[in-house]
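Residue numbers (the numbering used here): 5 to 115.
We treat Cβ as the ideally placed atom computed from N, Cα and C, and that holds for glycine.
Quick caveat, the model's predicted, so the values are computed rather than measured.
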């Protein structure tokens, strides 16, 4: 696997994770924070984009979903810190490291 292929795949995973998180966060704002119901429109668009992005990944769907899970966890932890402004615990960091290690094993197996 070339470094360029890995960087493109990582970028695609990150874009996919952001689309999923935004698609779920906007309804949360409507339901829990009292924001406008109109947030459901960009939420639906974001979730449709998420589903489309999943089709662009370079491996079988099950393997992609498994490896994508690691990037999703990392993106969610970054979201927790930046958007939710919540401090990260050592457990957040250690848990994320374990998940990313598992993802690395899956990706290595693609070769």
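Exposure of residue i, with buried meaning 16 or more beta-carbon neighbours within 10 Å
| i | result |
| --- | --- |
| residue 68 | buried |
| residue 11 | exposed |
| residue 30 | buried |
| residue 24 | buried |
| residue 48 | exposed |
Option in the options with minimal Cα separation from residue i
| i | options | result |
| --- | --- | --- |
| residue 83 | 21, 6, 7, 36 | 21 |
| residue 71 | 103, 44, 46 | 103 |
| residue 57 | 111, 14, 94 | 14 |
| residue 44 | 34, 38, 52 | 34 |
| residue 66 | 8, 9, 111 | 111 |
Cβ separation of residue i and residue j, assumed to be a contact under 8 Å, to the nearest whole Å
| i | j | result |
| --- | --- | --- |
| residue 27 | residue 50 | 4 Å |
Close beta carbons around residue i, own chain, < 7 Å, minus the five adjacent residues each side
| i | result |
| --- | --- |
| residue 18 | 75, 79 |
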